[in-house]
Amino acid sequence: MTELRYLAPNSLDEAIKAFAAAGSAGRILAGGTDLLVQMRAGVVKPGLIVDIKKIAEMTKIEQTADGGFRVGAAVSGMALHDHASFGKVWPGVLEAVNLIGSKQVQGRASAGGNLCNGSPAGDSVPAMVAAGAVVTVQGPDGRRELPVEQVPAGPGRTNFKPGEILVSFTLPPRPKGSSDAYLRMIPRTEMDIAVVGLGVSLTLKDGVCTAARVGLGAVAPTVLLVEAAAKALIGSKLDEAALNAAAAACSAACRPIDDKRGTIAYRTKVAGVLLKRTTAIAAQRAKGN
Amino acid sequence: MTVVTNNKWIGQRTIRPDGMDKVTGRAQFAADTNMPGMIWGKVLRSPHAHARIKSINTAKAEALPGVKAVVTARDIVDFPIEKGAVMLGIQDMRWMCRNVMAREKALFPGHPIAAVAATSEAIAAEACKLIEVDYEVLPFVIEIEDAIKSDAPILHEFNTFEGKPSNIAGRLEHKKGDLAEGFKKADVVIERSFTTRPVHQGYIEPHACLISVAPDGKTTIWSSSQGQFMVRAMTAHLTGIPQSDIRAIPAEIGGGFGGKTIVYLEPLATLLAKKSGRPVKMVMTREEVMRATGPTSGSKSTVKIGATKDGKIVAAHGTFYLQAGALPGSPIRGAVGCSFTPYDIPNLLSEGYDVCSNRSKVAAYRAPGAPIGAYAVECVLDEVAEALKMDPLDFRLKNAAKEGTKAAHGPTFPRIGYIETVEAAKASDHYKAPLGKLQGRGVASGFWFNAGGESSAQVNITEDGNVVVTTGHPDIGGSRAGIANICAELLGIDYRRVSVIIGDTQTIGFSNLTGGSRVLFASSIVVTQSAEKIIHTLRERAAKIWEIDPEAVKWEDGAAHPVSPNAGQFPPLTLKDLAEKAPAMGGPIGAGVQLNTQGADGGFGTHICDVEVDVDLGIARVTRYTAVQDVGRAIHPGYVEGQLQGGVAQGIGWALNEEYIYTKEGKVDNPGFLDYRMPVCSDLPMIDCIMVEVPNPKHPQGVKGVGEVPLVPVMAAVANAIYNALGKRFYALPMSPPKVLEVIDAPETRQAAE
Ligand SMILES: Cc1cc2nc3c(=O)[nH]c(=O)nc-3n(C[C@H](O)[C@H](O)[C@H](O)COP(=O)(O)OP(=O)(O)OC[C@H]3O[C@@H](n4cnc5c(N)ncnc54)[C@H](O)[C@@H]3O)c2cc1C
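If you read the sequences in order, they're chains A and B. Under the working numbering, the letters of the first sequence match residues 50 to 338, in that order. Under the working numbering, the letters of the second sequence match residues 8 to 761, in that order.
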């Protein structure tokens, strides 16, 4: 039977070296709540596992000089939850990350793993897209940054180059009157996979929406940034006409499939419903900021 | 037998004897057992829904280093079709031998074709891939509608129905009165058709066993099942090893709900162990459980009910088609026999059809068949009550079966508690509570036969004056706690002095499997009689010591006393005293009783369900639920409530989300708990229980079975509640969000009670 090696380096350089050298046999391990499940199911059979949790940068949450946040790729959901101020500034991102699995899963699962796993239904991804997060990745050729929505390439695939590792998410500073929210539709109340997931981040000034971003998950091969929906919201007082237009834009953006988790008709309709509900929550929160 | 009153322990919520082990992880489930030299067994399963097996070549697998044995259908004892049924309980061994290993044909994806034992699980899995099977792939059929068509692919060419080869393997009917005449008298007649999807019992512990066969043939089986004697008998039949050589040891069981009343792995592991000379362990994956072990049937039913203006049901007709899966044996008895039983209906025809199709063979699931039938009947009753403008509980009261009612399946009822359940539901706070917007309330009733049957017990007094009780039914619902309460009550001692264990097949007498809600009913009869014998011995011994007549000695508060001062003045002799004196007074104290217990009374329940519907997302959530049930006598109220709550939770899953989904190739597309959606805790409200106690007069403590009734009314109660919230009726399960939204958004929605 094939041999499996496990490494837990302390430095990023070491990790990249080993990971790049292993080629397609290498796998990064963050919380392992996807990877170990996939290994048990026989879907992936890595020859090398590189555990990144011993690399300081990967598990750090820090406030940047301009007031934004930098969140290490392997920060667990529970660690993010316990951070003193992150959840006040980014309640939508936090609720999305905290929706992943159960208490037990939260102790391990990371937003980095959620993104790199490449599932179109990953819960934290639409919220990160709405937040305008930028990811830092590092590989044998050095560091680069790209918007989070450019990471997924399709179900189970990313646009990373061979040997590249996700290092962190950078979330921008928040102007006054800003907030965000995330909602997902699942048939159960927890321990389920999103049939549709939707994140909204917005800024309100005197009741008028001055900035907005909408991320939509589980309705296409990758999580989508729905610019048409944001456009419908920006400049409006989030009145019914604007919300209807934004909801219609979300439904129109859907390129779903009929599968065991939901029908095309259902997902398309629900995308619009969630846009309205999520926007309402984000707006309510923004009024307090 | 007199019913015990004034109880100290019966009716107490004592701590369950197996509780500490389970919460601390010490409990040994089947997969927890290991042996030196143990190897691993794996099953090669059919990828096809339907295929003739032309040949199997195991040479390459056998040659793989590490492989110790391979078995195929050739190694399993055959029960030829033409020789007729060989029944073991409710299972026909002709079907069992074909279910554990495909013989002539593979009948569903996941059907075992061969099994391998090797030094590691990985090698065994690798070896399975090296087995060459030549299949002639055949057309397949899964849904009932397709399976009963005249040109359907036929699973079993030998099976005929009405003179032609057919997938209908059996028909059952119960009849009363004159149907046509009855419907003529009706002012309101409603007829509706319903479908339900197959649903799995959803036990958390996958099937597992460890089996050792010694060179002299002595076989030991550790496995998770609802009956160690069933495991022994089935394994003996399928391997040819005599029962006296098989010791089946029941592990703690991580859920069964009926699904562990048959065997899958034990015969295969026994043969692998015998061939290899090594202990063999087999543990199913969840995927194997979902693909190849019994769910309960999917169904298609039509129910027609007629009533007069004043609310009397005059005629009813139910037709229930149930999926058997690959081999005959769907639970039509439950659907046909239970569905109308809460009601006194003069003219009735209840008929059921057992339909084979290319999916795994069904296994029992809590009140097998009854929930499927009740779903259709109780939904139609709701429509009839509405058409008559009657409160649905009043309508049920008006037609309720009671003492003297003759049920269509045969018995004339003794004193039963159905009316009491409806009255308690009506009187409950829940039924009177106001409802908000998009909220609805539904009610439904249900019946299950319950059972008695063979049971054995041995009660021994230890040398230090405590008690050990051994019974033979695996405890899946708290029966050990109930038995400890009863034993403590009868002997007049603290229940913590009673230790209750489940014996293995070679240490306790035959006891029928844990099913039919029989266990506490049956085992408390044999335990009571054993305890009575012991008390008799204790009185005799005290009499001897005091040199008085045994009739002058009574047993009270855990000690022998003279019946009155006339009999003599002696300080009491406690159980401890008498145990100490036992060696000198005639030897060890203990008694065993074995009986085929009789006198089980059926059980009735009435449920109230509130839902709230999110009309934009199509999500129906159960917000409040009350289960009312005639439980006979609640020996341990906590575990009776546990049974009620568990049954309701499973029914809510069945109603709202659980279903088997198939690919175009006929494979189960959701073989895991992510996409096979059983409810999680946060999906459910706290489920309230109202226990009505109408004791069974034929039982020493008044016990009636309680474990199965609580699943029967649930789907109808939920469906009726959703109707009440939305004004729209659903005729198919599950009422999952996409399906609910489709109906809400349909341009033309059918009006209630048109
Ligand atoms: C019981 C259970 C419930 C779940 N519920 C949900 C849910 O509700 N919502 C949801 O979205 N998900 C859910 N999941 C899936 C999973 O928990 C999440 O996707 C989680 O965020 C994965 O994070 P992780 O740190 O465990 O990732 P891992 O399993 O460690 O990694 C996931 C993948 O990403 C790769 N990877 C990880 N980190 C990096 C990196 N820094 N750079 C490059 N590649 C990397 C890994 O190699 C692997 O392929 C659930 C899983 C379980 C077991």
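In this text, a Cβ means the ideal position worked out from N, Cα and C, and glycines have one as well.
For residue j and residue i, the rounded distance between their alpha carbons
{"i": "Lys75 (chain B)", "j": "Ala121 (chain B)", "result": "14 angstroms"}
{"i": "Glu496 (chain B)", "j": "Thr630 (chain B)", "result": "39 angstroms"}
{"i": "Ile235 (chain A)", "j": "Arg326 (chain A)", "result": "15 angstroms"}
{"i": "Glu295 (chain B)", "j": "Lys49 (chain B)", "result": "11 angstroms"}
{"i": "Val146 (chain A)", "j": "Ala294 (chain A)", "result": "28 angstroms"}
{"i": "Ser337 (chain B)", "j": "Arg52 (chain B)", "result": "23 angstroms"}
{"i": "Val315 (chain B)", "j": "His181 (chain B)", "result": "The question names Val, but residue 315 (chain B) is Thr in the sequence shown. Between Thr315 (chain B) and His181 (chain B), the C-alpha separation is close to 23 angstroms."}
{"i": "Asn727 (chain B)", "j": "Ala432 (chain B)", "result": "15 angstroms"}
{"i": "Ala342 (chain B)", "j": "Ala377 (chain B)", "result": "4 angstroms"}
{"i": "Ile98 (chain A)", "j": "Ala71 (chain A)", "result": "9 angstroms"}
Sub-7 angstroms separation of residue i and residue j beta-carbons
{"i": "Leu265 (chain A)", "j": "Glu198 (chain A)", "result": "no"}
{"i": "Ala656 (chain B)", "j": "Pro686 (chain B)", "result": "yes"}
{"i": "Arg310 (chain A)", "j": "Val244 (chain A)", "result": "yes"}
{"i": "Val220 (chain B)", "j": "Lys281 (chain B)", "result": "yes"}
{"i": "Thr21 (chain B)", "j": "Arg254 (chain B)", "result": "no"}
{"i": "Val321 (chain B)", "j": "Gly313 (chain B)", "result": "yes"}
{"i": "Ser364 (chain B)", "j": "Val148 (chain B)", "result": "yes"}
{"i": "Ile541 (chain B)", "j": "Val466 (chain B)", "result": "yes"}
{"i": "Ile697 (chain B)", "j": "Val635 (chain B)", "result": "yes"}
{"i": "Val362 (chain B)", "j": "Asn106 (chain B)", "result": "no"}
{"i": "Gly318 (chain B)", "j": "Ser357 (chain B)", "result": "no"}
{"i": "Ala567 (chain B)", "j": "Leu545 (chain B)", "result": "yes"}
Residue i beta carbon near ligand 1 (any heavy atom closer than 6 angstroms)
{"i": "Asp83 (chain A)", "result": "yes"}
{"i": "Asn166 (chain A)", "result": "yes"}
{"i": "Ala158 (chain A)", "result": "yes"}
{"i": "Arg76 (chain A)", "result": "yes"}
{"i": "Ile98 (chain A)", "result": "no"}
{"i": "Val154 (chain A)", "result": "yes"}
{"i": "Ile211 (chain B)", "result": "no"}
{"i": "Gly171 (chain A)", "result": "yes"}
{"i": "Val86 (chain A)", "result": "yes"}
{"i": "Ile659 (chain B)", "result": "no"}
{"i": "Ala179 (chain A)", "result": "no"}
{"i": "Ala333 (chain B)", "result": "no"}
{"i": "Asn163 (chain A)", "result": "yes"}
{"i": "Gly150 (chain A)", "result": "yes"}
{"i": "Gly80 (chain A)", "result": "yes"}
{"i": "Ala122 (chain A)", "result": "yes"}
Per DSSP, cross-strand counterpart(s) of residue i
{"i": "Cys258 (chain A)", "result": "A:Leu253"}
{"i": "Lys705 (chain B)", "result": "DSSP output for Lys705 (chain B) lists no bridge partner at all."}
{"i": "Gly341 (chain B)", "result": "DSSP, once it has assigned bridges, lists no residue as partnering Gly341 (chain B)."}
{"i": "Met234 (chain A)", "result": "A:Val245"}
{"i": "His118 (chain B)", "result": "Answer is none; His118 (chain B) lacks a bridge partner."}
{"i": "Glu558 (chain B)", "result": "Beta-bridge pairing links Glu558 (chain B) to no other residue."}
Residue environment, residue i, which counts as buried when at least 16 other CB atoms sit within 10 Å
{"i": "Gln208 (chain B)", "result": "buried"}
{"i": "Met27 (chain B)", "result": "exposed"}
{"i": "Asp288 (chain A)", "result": "exposed"}
{"i": "Glu188 (chain B)", "result": "exposed"}
{"i": "Asp382 (chain B)", "result": "Inspection of the sequence shows that residue 382 (chain B) is occupied by Tyr rather than by Asp. The residue in question, Tyr382 (chain B), is buried, as its Cβ has 16 or more Cβ neighbours within 10 Å."}
{"i": "Arg81 (chain B)", "result": "exposed"}
{"i": "Met722 (chain B)", "result": "buried"}
{"i": "Glu144 (chain A)", "result": "buried"}
{"i": "Ser200 (chain B)", "result": "exposed"}
{"i": "Thr633 (chain B)", "result": "buried"}
{"i": "Asn59 (chain A)", "result": "exposed"}
{"i": "Gln233 (chain B)", "result": "buried"}
{"i": "Val30 (chain B)", "result": "exposed"}
{"i": "Ala589 (chain B)", "result": "buried"}
{"i": "Val505 (chain B)", "result": "buried"}
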